[in-house]
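Each remark here refers to the structure printed beneath this line.
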Amino acid sequence: MTQPAARPTGRTRSTSRKPTSPASPASGQHDAPGAAPDATPRKTPSRNAAPRAKPTLSVVTAEGNTVAPARRTADKDVPLREDIRFLGRLLGDCVREQEGDAAFDLVETIRQTAVRFRRENDRAAGAELDRLLKRLSRDQTNSVVRAFSYFSHLANIAEDQHHNRRRRVHALAGSPPQPGSLARALEAIDAAGVTGKQVRDFLNDALIMPVLTAHPTEVQRKSILDAEREIARLLAERDLPMTARERDHNTAQLRARVTTLWQTRMLRNTRLMVVDEIENALSYYRTTFLQGIPRLMADLEEDLAQVFPRRSKAGAVPEPLAPFLQMGSWIGGDRDGNPNVTAETLQHAAQQQSSLIMQWYLDEVHALGAELPLSSLMVDASAELLALADASPDHSDHRADEPYRRALIGIYARLAATTERLTGHVAPRHPVADVAPYDNAEAFAADIRIVLDSLRQHHGEALARGRIDALVRAIAIFGFHLASVDMRQVSDVHEAVIAELFKAAGIAPDYAALPEPRKLELLLAELRQPRLLMLPWHDYSEQTRKELAIFAMARDLRARYGNRVARNYIISHTETLSDLVEVMLLQKETGLLRGTLGSKTDPARMELMVIPLFETIEDLRNAAGIMESLLDLPGFDAVIRHHGVEQEVMLGYSDSNKDGGFLTSNWELYKAELALVKLFEARRVKLRLFHGRGGTVGRGGGPTYEAILSQPPGTVNGQIRLTEQGEIINSKFANAEIGRRNLETVIAATLEASLLPTQNAPAGLATFEGIMQQLSDRAFRAYRHLVYETPGFKDYFFATTPITEIADLNLGSRPASRKLMDKKHRKIEDLRAIPWGFSWGQCRLLLPGWYGFGSAVKALLDEAPDEKSRKACVATLKRMVKTWPFFRTLMSNMDMVLAKTDLAVASRYAALCDDAALRKTVFSRISAEWHLTCDMLSLITGRTERLAENPLLARSIKNRFAYLDPLNHLQVELLKRYRAGKDADDVRVRRGIHLTINGVAAGLRNSG
1 MTQPAARPTG RTRSTSRKPT SPASPASGQH DAPGAAPDAT PRKTPSRNAA PRAKPTLSVV
61 TAEGNTVAPA RRTADKDVPL REDIRFLGRL LGDCVREQEG DAAFDLVETI RQTAVRFRRE
121 NDRAAGAELD RLLKRLSRDQ TNSVVRAFSY FSHLANIAED QHHNRRRRVH ALAGSPPQPG
181 SLARALEAID AAGVTGKQVR DFLNDALIMP VLTAHPTEVQ RKSILDAERE IARLLAERDL
241 PMTARERDHN TAQLRARVTT LWQTRMLRNT RLMVVDEIEN ALSYYRTTFL QGIPRLMADL
301 EEDLAQVFPR RSKAGAVPEP LAPFLQMGSW IGGDRDGNPN VTAETLQHAA QQQSSLIMQW
361 YLDEVHALGA ELPLSSLMVD ASAELLALAD ASPDHSDHRA DEPYRRALIG IYARLAATTE
421 RLTGHVAPRH PVADVAPYDN AEAFAADIRI VLDSLRQHHG EALARGRIDA LVRAIAIFGF
481 HLASVDMRQV SDVHEAVIAE LFKAAGIAPD YAALPEPRKL ELLLAELRQP RLLMLPWHDY
541 SEQTRKELAI FAMARDLRAR YGNRVARNYI ISHTETLSDL VEVMLLQKET GLLRGTLGSK
601 TDPARMELMV IPLFETIEDL RNAAGIMESL LDLPGFDAVI RHHGVEQEVM LGYSDSNKDG
661 GFLTSNWELY KAELALVKLF EARRVKLRLF HGRGGTVGRG GGPTYEAILS QPPGTVNGQI
721 RLTEQGEIIN SKFANAEIGR RNLETVIAAT LEASLLPTQN APAGLATFEG IMQQLSDRAF
781 RAYRHLVYET PGFKDYFFAT TPITEIADLN LGSRPASRKL MDKKHRKIED LRAIPWGFSW
841 GQCRLLLPGW YGFGSAVKAL LDEAPDEKSR KACVATLKRM VKTWPFFRTL MSNMDMVLAK
901 TDLAVASRYA ALCDDAALRK TVFSRISAEW HLTCDMLSLI TGRTERLAEN PLLARSIKNR
961 FAYLDPLNHL QVELLKRYRA GKDADDVRVR RGIHLTINGV AAGLRNSG
C-alpha cells in the first residue's frame, strides 16, 4: 500500500510523488499481487493516450484455470499492475487518513519487510518481521490485519477486472474462440460430425443446474460484498474514455468506497441467520442471473444458428430452446446438521424468492409499456394482441390506438394481483384496476408471447429481440418460484422419525434396532396400505413434528408457486435402501405420495424425488448396489415414470475426501459414476448426477470446465447439477461478466462431455485404471494411517489449526460439527468436512488436497521388480497425465494446492502444539509427504516448478504470499495469547483472530 499523490490530476491512471519517508515508496516501485517481481519505477501511461499495441489474452479464472495460453506480450499485464497499485494507494491513503502517519508507516514497514523475506529469501528479514509483529499492541494488530486483509480483497477485484478486460481484448481482436466458450464447444461438436438437430434435441432434453448453498466458512459480510461490488464497477469504468473531470470524479468515488470498507465492521457480531443467507443468495440474482441467464440462452441460439444453419420458411423464427439452464438452492431447505432450518424457513425462502422474481417481472412489464407505444394507425397487430388489449382494464382515450400498451397494462394488473396472492406484497405501481391473478407462470408467459409474436408478425423483429424476448425466456427459466429449493436431512433423523411413528402405531417397538431386511419389510408394507400411520391425538416429539412439517410445507409450496419450487429431497449419509424408502413413507404421510406402491390400478406417484447422497468411501462403493435395489422395488417403476423416467444421485466430494484422502476420494467417485451409468443404461432410466463440489480442491473444487470434461464417459449426458458454495459463489457470480463466463463454461463443458465423450476414453484406459486403483489403495493407507490411526492426531489438529476459533466465528447459520463437541469427546469423524478443509487452508498446509499421493507413487515404483519395469511404470504415468483428462485434471489441481502450501508458515502453526513429541511426529510426516508428493508429481509431469504450465497463476500466488505472511504470523501470535489465557476475555484479541481468518481466506480465494 503506497501513499497516493496529494491530489490526483485525473489525467493519468495513477499518480506518483516522492516518498515522504523511506517506508512509503509512493511511486509504486514495490511488487503487488500480479506485479512482476522485478517491477521498476516507470511513468504511468495515460488512460486517454493512444491505444497500446494489441495484446494477446491469457486469462486466469477465479478458480485458477488458464483459459488461453499466454504469449510473450510485455504489456498485457500492465493494466492489472496499475489497478493493483492504484487501489493499494487509495487504501494506503485511507490508512494514513483514518489511523494516522504512524499506523501507515508501520503497515508499510511490515509490508516491505515481508516482501524482502518472501521474495529475497532474506532470513534476517524474517526475524525482523517476527519481532515487528510480536511487539504490536492490540489496536495496532487489528489495524495491520485489516490493512493486509483489505489489500487482498482489492487485489482480487483488480484481477477479476483484468480477466474481463482480457476477454474483451480477445473479442475485439476477433481471436479464435477460447476453451470453455460456447463457440469453441459448438465448433468441436460440428467437427465431430454431430448435426445441428442433434444438438438442439440434446439441449431440449438437458438439465444443467448450479445449486447455491449456504457455506459455514463464508467469511465476508454482505455489507462488505456490496461495497466491493461498487469498487469493481467503478474500476471497470476506468477502462472507458473519460474526461479529466470524469476521472477525478471516479477516483473520488473509489476513494469514498475504500473509506467505506475501512469504516465498516468486517466481522459479524452475531451468527448469521438462515434468513440472512437467503437474502445474500438473492443478491446474486439481481447482479447476474436474472439478466445473464436469458441473455446467455439467446446467445447460444445465435451461436447454434451460425454453426448449424438450417433452412426454414422465410421470416420464420426458430423455436427457442427449452430452459435447460435453471437455478437451484439449498438455502432454507438444507437441515443436515442445521437445527435452524424449519418449515418456516423453507416457506420464507420460497416467499422471498417469489417476491424477487415477481418484482422483477413487474419492472420489466412496466418498462415494456414505455418501450412499446406502437400505434395501430402506424402498424397492424395480431388478432390475439388486439383481443388482449380489449380485455385490458385500461380504457383511456389517450391509448385508444396503442394496443400494445393497453395489453401490457392489463398484463401488469394481473401480475400485480398475482404478486399479492403469492407474496402478500402490493405492487409498487398500483394497477389501473383490480383483476384476476394468473393461475400459474405459464399463463403469464402465454400473454407475453402474444405480444412477442405480434411484434414479429408486423415488422417488429428489432423490438422483439430486446427486453420482451429476454422476459419470455426468464419466465420459462424462473417461473414464479425463481429457483428450486432442495430439502436435505441426514438419514439418522428420518430413521428416528419413522421409529417414533411405528412405536406409536404399535407396529414396531424399536424400529432402529431391526436388521435391514425387517426394516424394509415394515416400510414396504406401510407403503402398500391406503391408510396413514400418524395418530391425530398422539403427542409426538418436537423432532418428529418439525420433520413432518417440512414435508407438509413442501406440499403447500408446490401448490402455491408451482411444482418446480420443491422437487428434490436429498438424504445425507445414505448407507442402505431403507434410508431412501423411509423418505418415501414420510411423503405418503404428508400427502406427497399418492397411490399405492405396487398397485396396478392406482400406482404410486411421488412428488419429491428421493435422492441419495453417497458421501464416505464405503458409501460410494455401495452406491450402485443400493440404487439397483431401489429400481428393483415392486412398483417403483411407476414412481420413475412419474419423474420422467429419470433418477438423480448425489455424490459427496467433501466427506469422501475427509474419509479417504484426495486420491482415493476422486478415484472412488470415478468408479461409482461408472457403475451407476452401467446400471442405469441397462435399466433404460436417465441418470442425473449431482456433484457436491466445494471451493477447495480437497472438496472437489478447481476449474469447473476441466472437472466436467474429466468425468467418466457417459456420466454427464446432458444432465448435471453441481453445488456452488460460500466464497466461491461470490468469486464466480458477484461480477456479472465473470458470472456469465462461469455459466457459459458449465454449458460448454456439458456439451463437450456429452457429445464428445470419447475424449475421456484414451487408448490404454484399462491399464490406466488398473494403475489408478493401485495408487488409490496405497494413498488410502497413507492418509488413514496419518489422520485416523496416528495416536494424538486429533489433538494435533485441534491445537495447530484455528478450527476451534472458526467454529466460534459467526460465519454461517450451520454449526461446524453435526454433533456438539467438547475437548474430551471431539472426534475428526464428527467434524463437518467444510471447516476441516478450511482449517488446513488457514495454516497453509491444505493437506486434504494432496496428502498420500507421494507415498502411493513411491510405493508403486518401489514394488517394480527391476529398473526396466520401474521406467515402464513411470512412462505409463506420463502417458496418463498426457492423454487421460481425469488424471490430468487430478494432477493439475494437486499442483495448484501444492503451490499454495507453505511449510515454513505451517511450522509456526505446528509450534502451537505443546506436546513436542507429537508435534515432531506429525509435522515431520506431513513435511516429508509434501516433499515426496512434489518430487513424484515432478517425475510424472517433467516439471520441477509448481504451476509451470500456468505461469500467471503461479505469479499471482507467489506475489500474494508476501501479503499473507503477516496475517499468518499474527494469527499464530494471537492464538498463542488467546489460548494461554492471557487476554482471553479481551474481545479485541478474539476479534483479531477472526480478522486474520478473513484475510487469509481472501488471499487464498478458493479456501473453503
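Take the sequence shown: its position 673, counted from the start at 1, is 673 in UniProt numbering, and no numbers get skipped.
Backbone N, C-alpha and C define an ideal beta-carbon position, used for all residues, glycine too.
Keep in mind that this is a model prediction, so the values were computed, not measured.
Could you have a look at residue i and say whether DSSP puts it in helix, strand or coil?
i	result
Ile84	helix
Leu372	coil
Asp637	helix
Ile507	coil
Arg991	helix
His249	helix
Ile720	strand
Gln647	strand
Thr287	helix
Arg131	helix
Ser175	coil
His691	strand
Arg268	coil
Ala1001	helix
Thr15	Unreliable placement is indicated for Thr15, whose pLDDT of 36 sits below 50; no coordinate value is reported for it.
Lys827	coil
Relative to the C-alpha of residue i, which candidate in the options has its C-alpha closest?
i	options	result
Leu970	Arg85, Val274, Ile997 and Pro634	Ile997
Leu674	Gly661, Gly692 and Val649	Val649
Val144	Asp986, Leu1004, Leu743 and Asn968	Asn968
Gln353	Pro373, Phe289 and Pro509	Phe289
Arg632	Phe690, Leu524, Ile617 and Ala552	For clarity, residue 632 is Asp in the given sequence; the question names Arg instead. When each option's Cα is compared against that of Asp632, the closest is Leu524.
Ser938	Asp447, Phe324 and Lys878	Lys878
Leu535	Ala513, Glu500, Ser152 and Asp130	Glu500
His430	Asp439, Glu420 and Tyr438	Glu420
Gly562	Glu668, Asp122, Tyr438 and Cys934	Tyr438
Glu589	Glu618, Asp336 and Leu532	Leu532
Asp655	Lys671, Ala513, Val169 and Phe614	Phe614
Pro373	His395, Asn164, Tyr361 and Ala407	Ala407
Glu737	Gly644, His162 and Arg832	His162
Ser137	Asn959, Ala753, Ala102 and Arg456	Ala102
Arg990	Ala305, Ala807 and Tyr540	Ala807
Leu846	Asn340, Gly410, Leu1004 and Thr944	Leu1004
For residue i, which residues from the same chain have a beta carbon less than 6 angstroms from its beta carbon, with the 5 sequence-adjacent residues on both sides left out?
i	result
Thr345	Val274 and Gly332
Arg888	Val881
Ala114	Leu129, Ala962, Asp965 and Pro966
residue 1011	The structure shown has nothing for residue 1011, since the chain only spans 1 to 1008.
Val490	Asp336, Ser572 and His573
Phe384	According to the sequence shown, residue 384 is Glu rather than Phe. Once the five neighbours on either side are set aside, the close Cβ partners of Glu384 are Ile450.
Among residues of its own chain, excluding the 5 on either side of residue i, which ones have a beta-carbon nearer than 7 angstroms to its beta-carbon?
i	result
Pro295	Correcting the residue identity first, residue 295 is Arg in this sequence and not Pro. Here the set comprises Ala470.
Lys54	Only weak support is given to the placement of Lys54: the predicted model assigns it a pLDDT of 35, under 50, and the value that follows is read from those uncertain coordinates. Cβ neighbours of Lys54 beyond the five flanking positions: Ala173.
Asp239	Arg165
Leu520	Leu577, Ser578 and Val581
Skipping 5 residues on each side, what residues in its chain have a beta carbon closer than 8 angstroms to that of residue i?
i	result
Leu234	Asn250, Gln253, Leu254 and Arg257
Arg560	Ala350 and Leu422
Arg979	Leu912
Name the DSSP bridge partner or partners of residue i?
i	result
Tyr569	Met487 and Val610
Thr601	DSSP output for Thr601 lists no bridge partner at all.
Asp334	Arg488
Thr944	Answer is none; Thr944 lacks a bridge partner.
Ile208	Leu325 and Ile720
Thr213	Gln725
Arg594	Arg605
Gly652	Gly692
Which parts of the stretch 398-450 are runs of the alpha helix (DSSP H), unbroken and 4 residues or longer, counting only runs that do not cross its ends? 403-423
3 or more residues per run - each beta strand (DSSP E) lying fully within the stretch 713-788: 719-725
Within the stretch 148-205, note down every full beta strand (DSSP E) run reaching 3 residues or more, in order along the chain. none
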